[in-house]
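Residue numbers (my numbering), protein chains in the order written: chain C, 855 to 1223; chain D, 855 to 1223. Beta carbons: idealized from backbone N, C-alpha and C, even for Gly. So the structure is just underneath, and the comments pick up after that.
See the structure below:
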């Protein structure tokens, strides 16, 4: 195998495929990037068994071939190369020669024979979405997936397509995040659960440009994200997602409108008094036009108020400050609305146009506080 | 105790004194900042038993008093306060009230009775140096102190004053770093060994401004650094420093002149092939006008050459790449000179005007490599 390519292109391609290199694995071949040159094309590939990435690299091909090279090392070497054009060559013993100007590296690679192939997925049924929108919607919902596998379905996000609407939902038993997106055309109805880990890595390699698009292909067991020169294939999580519409309510006893940044800063200060994993709630008391936030812990206490516009009843309710912050931080609006029913019912942070709805369950502050 | 002060001033003062809060201690009182208000002055103090810091804070005093408050927590709270003016008050139970606009914190403090006093050092015999120069000279030498206490003297730096010359020296058994500084006037001769840990923290709180000065007072057991509104007192390391002049030589068999950045980048690349704590040397081969750098490790090999101007003999010699990098990175000059004797003698990276001299011992590459 032998080719020349631009250093910047290579660094970029290696960054992309590195997102599917498992951090811990017993299969050492998966710690590698597979470089394969054939049919006039150079491909870089990685696979962490749940999702795999394949990206095409432009270059000047001298000889076909395949070699696997340890991803972290290759990435470090390539990034620190002195010049613009990198020359890569491997021999029959899988020694990889990487050179650029006067710097000549020789690194032991591996045969690519054991490298798992990416599933060969039929690409027929698909939706198109801008890279920017997909990246945003992942960031705006990914924080409320469940962190571990006790309930596999909660570790993924529902992508619910109906007509020209895409609804993305994540939930972890304490909160629900919902984002509604308008697609450019109508598509057949479909519900899939995509692993959160895949979405997280995907959000890091999407360019975030509005004009650039992603095609997402679906089969019964896989989704394929196709964008730029890159293809990411992931397994889907099997099963039925929760019926979120039965969990949320549009009724409320009080509604407050307030400045998002003021509220974030205030809750942020409150968290200074809470140790990690400590379930101390912030207690919100709405009394006429006063919106008071209190927290008490063995370390100390904070007492602060925020200006609000209020409709409806007074209320006193406790929340995990982290859950409120997670939702508030991904909302773009400067002014937000929070809807309360009573001290035992969830609150909803949502906009009037229905773009987002963040439900957070309260904590019983009488027993916990 | 009660006073008002500017948030920025307080954040700045807390940053300064936090540099003498021990990261691990069995004396919990030392994890605190002592705030003391008396004689129309507000002082913040910390002490890690090796060095202590006292800084004066401007403010509007309402009531005298003393309280100790956990440094990390106090620093977090103060930094996140919403407004410009902070109000601080403590009561007889050492509860500390910290408020700013609508945010009101209450945090448990401690009596200051157990807080160790800073040594009362007679400030008579001193030198004056710009904050910029002191900060630079620390950064340019601190990397070659010995990291642990096997040889106490090696954990400090020699400050050797003679006439209007200050020579700062550190060494760790593998290398010696020497910096020579011209002072603005003559001072009596004096040699003191200042703990490296103190110098490290000091370099972080010196403003780095050329016009601002530090007065350094000396007694037999202490040094006092006085600058801005701050006083840092440190114990000195007792004992006689190494006779460095007997360890270094001005003779050489070959001298090369080369571009510092090219050499740094090249050695940097070589370190990609070395695991932490692996004693693999980079091997430098000077052959006519060619200056070749090679490294071989189980991971792979690098072979690269750098343009040089050479005087004298050809040579082949091995070094710990980290030691060369540490010295090269703190040299300001773009072009540097390296002097070699033979493959078993140290090399010297030094300038012709005698501002700096970095000695690095070679590694025997035949046995180790």
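Please list the terminal residues of the continuous beta strand (DSSP E) segment that includes residue i.
i                       : result
residue 1191 of chain D : 1189 to 1194
residue 980 of chain C  : 980 to 984
residue 1021 of chain C : 1010 to 1025
residue 899 of chain D  : 895 to 901
residue 1145 of chain C : 1144 to 1151
residue 957 of chain D  : 957 to 962
residue 909 of chain D  : 905 to 911
residue 1141 of chain D : 1136 to 1141
residue 1158 of chain C : 1154 to 1166
residue 916 of chain C  : 914 to 917
residue 890 of chain C  : 886 to 892
residue 1085 of chain C : 1084 to 1089
residue 941 of chain C  : 939 to 944
residue 1005 of chain D : Segment: none, residue 1005 of chain D is in no beta strand (DSSP E) and carries neither H nor E.
residue 1211 of chain D : 1210 to 1214
residue 1103 of chain C : It is not in any beta strand (DSSP E) - residue 1103 of chain C carries neither H nor E in the DSSP assignment.
Rounded to a whole number of angstroms, what is the C-alpha to C-alpha distance between residue i and residue j?
i                       : j                       : result
residue 928 of chain D  : residue 1216 of chain C : 29 Å
residue 1027 of chain D : residue 1001 of chain D : 11 Å
residue 877 of chain D  : residue 868 of chain D  : 16 Å
residue 1222 of chain D : residue 1046 of chain D : Interpretation of residue 1222 of chain D is limited by its pLDDT of 43, a score under 50 that renders its predicted location unreliable; the figure taken from the coordinates is listed afterwards. Approximately 38 Å, taken between the alpha carbons.
residue 1164 of chain D : residue 1191 of chain D : 10 Å
residue 1218 of chain D : residue 921 of chain D  : 58 Å
residue 1120 of chain C : residue 1149 of chain C : 11 Å
residue 1113 of chain D : residue 1160 of chain D : 8 Å
residue 1143 of chain C : residue 1108 of chain C : 12 Å
residue 1056 of chain D : residue 1049 of chain D : 11 Å
residue 1214 of chain D : residue 1193 of chain D : 11 Å
residue 1170 of chain D : residue 997 of chain C  : 56 Å
residue 1038 of chain D : residue 995 of chain D  : 21 Å
residue 1036 of chain D : residue 1127 of chain D : 41 Å
residue 1187 of chain C : residue 1052 of chain D : 48 Å
residue 1183 of chain D : residue 1122 of chain D : 11 Å
residue 940 of chain D  : residue 952 of chain D  : 7 Å
residue 1199 of chain C : residue 1064 of chain C : 38 Å
residue 1013 of chain D : residue 1110 of chain D : 30 Å
What span of residues does the alpha helix (DSSP H) with residue i cover, start to end?
i                       : result
residue 1075 of chain D : Looking at the DSSP string, residue 1075 of chain D is not in any alpha helix (DSSP H), and its letter there is neither H nor E.
residue 1175 of chain D : 1175 to 1183
residue 867 of chain C  : 861 to 872
residue 1125 of chain C : 1114 to 1125
residue 1052 of chain D : 1050 to 1059
residue 926 of chain D  : 925 to 933
CB-CB under 7 Å to residue i, same chain, minus the five flanking residues each way: which ones, in chain order?
i                       : result
residue 923 of chain C  : 886, 887, 889, 950, 961, 963
residue 1141 of chain C : 1168
residue 1087 of chain C : 905, 906, 972, 973, 975, 1076, 1078
residue 1096 of chain D : 1025
residue 935 of chain C  : 861, 954, 957
residue 1015 of chain C : 981, 1041, 1043, 1044
residue 1034 of chain C : 1019, 1021, 1208, 1209
Leaving out the 5 sequence neighbours to the left and right, which residues in its chain are closer than 6 Å to residue i when beta-carbon positions are compared?
i                       : result
residue 900 of chain D  : 871, 874, 875, 887, 907
residue 1066 of chain C : 985
residue 856 of chain C  : 916, 917, 943
residue 1032 of chain D : 1023, 1211
residue 1071 of chain C : 977, 980, 1078
residue 968 of chain C  : 883
Who are the Cβ neighbours of residue i in its own chain at under 8 Å, not counting the five residues just before and after it?
i                       : result
residue 914 of chain C  : 857, 858, 859
residue 911 of chain C  : 859, 863, 864, 867, 896, 897, 898, 1083
residue 1003 of chain D : 1009
residue 1068 of chain D : 982, 983, 984, 985, 988, 1060, 1079, 1080, 1081
residue 1091 of chain C : 1006, 1007, 1009, 1010, 1047, 1048, 1049
Are the C-beta of residue i and some C-beta of chain B separated by less than 8 Å?
i                       : result
residue 1026 of chain C : Looking at the structure shown, chain B is missing, and the protein chains on hand are C and D.
**Request:** Compile a chain-ordered list of the residues in the stretch 937 to 967 of chain D whose CB is closer than 7 Å to at least one CB of chain C.
**Result:** Answer in chain order: 956, 957, 958, 959, 960, 961, 962.
**Message:** If the cut-off is 9 Å on Cβ atoms, which residues from the stretch 919 to 934 of chain C count as contacting chain D, listed in chain order?
**Reply:** 924, 927, 930, 931, 934
**Request:** Anything in the stretch 1142 to 1164 of chain C with a Cβ closer than 7 Å to a Cβ of chain D? List those residues in chain order, please.
**Result:** 1153, 1154, 1155, 1156, 1157, 1158, 1159
**Asked** Can we say the stretch 1013 to 1021 of chain D touches the stretch 1195 to 1207 of chain D, given the rule of at least three CB pairs closer than 8 Å?
**Response** no
**Request:** Could you list the residues in the stretch 1107 to 1135 of chain C with a C-beta less than 9 Å from some C-beta on chain D, going in chain order?
**Result:** 1116, 1119, 1120, 1122, 1123, 1126, 1127
**Asked** Within the chosen definition, does the stretch 1156 to 1176 of chain D reach the stretch 1121 to 1135 of chain D through at least 3 CB pairs nearer than 8 Å?
**Response** yes
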